[in-house]
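This note's numbering applies: residue 4 is where the sequence shown begins, and numbers increase by one. C-beta: ideal position from N, C-alpha, C; glycine also. Computed from a prediction, not measured in an experiment: that's the story for all the values here. The block underneath contains the structure these notes are about, expressed in structure tokens.
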Amino acid sequence: MTAPRRPMIAGNWKMNGLKADGRKLASALARRMKKLKKPAFEMLVCPPFPLIGLAGETIRGSGVKLGAQDCHSNASGAHTGDVSPELLKNMGCKYVIVGHSERRTDHNEKDADVKAKAEAALRAGLGAIVCIGETLKQREAGRAMSVNRKQLQGSLPEAANAKNTVIAYEPVWAIGTGKVATPEQAQDVHAVIRKELVNILGEKEAAKMRILYGGSMKPGNAKELLALPDVDGGLIGGAALNADDFWAIAEAAG
Ligand code: PEP
């Protein structure tokens with residue numbers, strides 16, 4: 004029997020928006036969230052670093068949670084331009100995304116780096132959203148499953164459990180491209196990820212751990228994806244920048 008898993012709807016704003024945009028988006032979501040007595044989903048927004056304070060103030064008390072898009076693996080020190088998970092926690096973040104494919108590509112982050120960041124997030128008391136996903140080339144070569152298994156093995160923090168860690172399966176070819184995975188493709192990979200989680204963490208913890216789908220999720224395709232047995236929410240980029248679209252996706256989860 005599958006344990007009930009509360010869906011997470013997480014918005015990755017990436018490097019988008021100025022102060023006024025962040026305030027508008029965060030307040031539109033907070034307003035809607037406040038009206039729900041017992042939301043069926045957990046909603047998270049992950050603004051760019053400089054907007055974290057503003058977004059945090061705007062959503063305070065609404066039930067919308069705050070997250071970040073990346074963190075350093077150290078708690079402090081000479082790391083110009085980086086941000087520690089301790090500071091993120093101090094700013095009100097509950098989660099941090101680690102290993103997003105854009106970080107893996109743009110900053111050459113490897114599984115070991117992602118794991119170190121995820122472990123630092125847990126050390127600071129944040130939840131880690133660990134991203135994995137294959138490229139189109141890897142999928143076409145029939146390597147989607149092995150690539151995801153390997154990334155999971157290499158990126159998962161040692162102390163991972165269903166409370167402190169969320170997995171996000173994001174096929175690289177679907178991120179920001181408008182090409183969404185078919186429900187069958189998504190479920191197949193999510194099932195493989197869950198099976199690998201059983202090997203690593205044991206049956207009980209694996210059954211409780213959330214696995215999000217990310218990659219061109221929109222209001223029009225969300226319901227079908229979110230209804231899949233091993234899909235426990237979404238990590239949303241483009242559609243998270245529009246309050247109506249992001250909210251519609253959240254409602255599809257609830
Ligand atoms: C993402 O940034 O994690 C993402 C899934 O982006 P998009 O929804 O735009 O594909």
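**Study point:** 8 Å Cβ shell around arginine 34 - same chain, five flanking residues per side excluded
**Key:** For this step, residue 34 is matched to residue 31 along the sequence shown. Answer for arginine 34: Ser65, listed in chain order.
Review point. Would the beta-carbon of alanine 242 be found less than 7 Å away from any heavy atom of ligand 1?
Key: In the sequence shown, residue 242 corresponds to position 239, counting from 1. Yes, ligand 1 has a heavy atom inside 7 Å of this Cβ.
Exercise for review: Return helix, strand or coil for methionine 94, following the three-state DSSP convention.
Suggested key: What you label residue 94 is simply residue 91 of the sequence shown in a count that begins at 1. Coil.
Review point. Is DSSP giving leucine 159 helix, strand or coil here?
Key: Along the sequence shown, one-based indexing puts residue 159 at 156. Looking at leucine 159 - three-state DSSP - the assignment turns out to be coil, as it is neither helix nor strand.
Check your understanding: What three-state label does DSSP hand glycine 236 in the structure shown?
Key -> Here residue 236 is taken as the residue at index 233 of the sequence shown, counted from 1. Strand.
Review point. Just checking my contact of isoleucine 132 with isoleucine 178 at CB under 8 Å: how many whole Å lie between their CB atoms?
Key: As a working mapping, residue 132 is identified with position 129 in the sequence shown. As a working mapping, residue 178 is identified with position 175 in the sequence shown. About 14 Å separates the two Cβ atoms, so there is no contact after all.
**Study point:** Endpoints, beta strand (DSSP E) assigned at alanine 171
**Key:** The count along the sequence shown starts at 1 and reaches residue 171 at position 168. Start and end: 168 to 172.
Practice item. Can you give me the start and stop residues for the alpha helix (DSSP H) that glutamate 60 sits inside? Key: Numbered from its first residue, the sequence shown carries residue 60 at position 57. Looking at the DSSP string, the run of the alpha helix (DSSP H) that includes glutamate 60 is 55 to 62.
Review point. For asparagine 224, which of Ala255, Ala210, Gly205 has the nearest alpha-carbon?
Key: Indexing the sequence shown from 1 puts residue 224 at position 221. With distances taken between Cα atoms, asparagine 224 lies closest to Ala255.
Practice item. Check whether the Cβ atoms of leucine 231 and methionine 220 lie closer than 8 Å to each other. Key: For this step, residue 231 is matched to residue 228 along the sequence shown. For this step, residue 220 is matched to residue 217 along the sequence shown. Cβ atoms of leucine 231 and methionine 220: not closer than 8 Å.
**Study point:** For methionine 4, three-class secondary structure by DSSP
**Key:** In the sequence shown, counting from the first residue as 1, residue 4 sits at position 1. Note that methionine 4 has pLDDT 48, beneath the 50 cutoff, so the model's placement of it is unreliable and no number is given.
Practice item. Consider the C-beta atom of alanine 253 and the heavy atoms of ligand 1; say whether any pair is separated by less than 7 Å. Key: Start at 1 with the first residue of the sequence shown, and residue 253 comes out as number 250. Result no, Cβ not under 7 Å from ligand 1.
**Study point:** Cα-Cα separation between valine 117 and alanine 162, rounded to whole angstroms
**Key:** Locating residue 117 in the sequence shown gives position 114, counting from the first residue. Locating residue 162 in the sequence shown gives position 159, counting from the first residue. So the alpha carbons of these two residues sit roughly 14 Å apart.
Point to revise | methionine 11, enclosing beta strand (DSSP E) - first and last residue | key: As a working mapping, residue 11 is identified with position 8 in the sequence shown. From DSSP, the beta strand (DSSP E) with methionine 11 extends over 11 to 15.
Check your understanding: The beta strand (DSSP E) spanning methionine 36 covers which residue range?
Key -> Stepping through the sequence shown from its first residue, residue 36 is reached at position 33. Element bounds for methionine 36: not the beta strand (DSSP E) but the alpha helix (DSSP H), 22 to 37.
Point to revise | Alpha-carbon spacing of alanine 242 relative to isoleucine 12, whole angstroms | key: Translated into positions along the sequence shown, residue 242 becomes position 239. Translated into positions along the sequence shown, residue 12 becomes position 9. The alpha-carbon atoms of alanine 242 and isoleucine 12 are separated by roughly 11 Å.
Practice item. Could you tell me which residues DSSP pairs with valine 101 in its beta bridges? Key: For the purposes of this step, residue 101 is identified with residue 98 of the sequence shown, where counting begins at 1. Answer is Val133, bridged to valine 101.
Point to revise | Residue environment, proline 7, which counts as buried when at least 16 other CB atoms sit within 10 Å | key: As a first step, residue 7 is located in the sequence shown; it is residue number 4 there, counting from the start. Looking at its Cβ environment, which holds fewer than 16 other Cβ atoms inside 10 Å, proline 7 is exposed.
Check your understanding: Taking the C-alpha atoms as reference points, what is the distance between methionine 4 and lysine 207?
Key -> Walking along the sequence shown from the start, residue 4 turns up at place 1. Walking along the sequence shown from the start, residue 207 turns up at place 204. At methionine 4 the pLDDT is 48, less than 50, meaning the model places this residue with poor confidence and gives no usable figure here.
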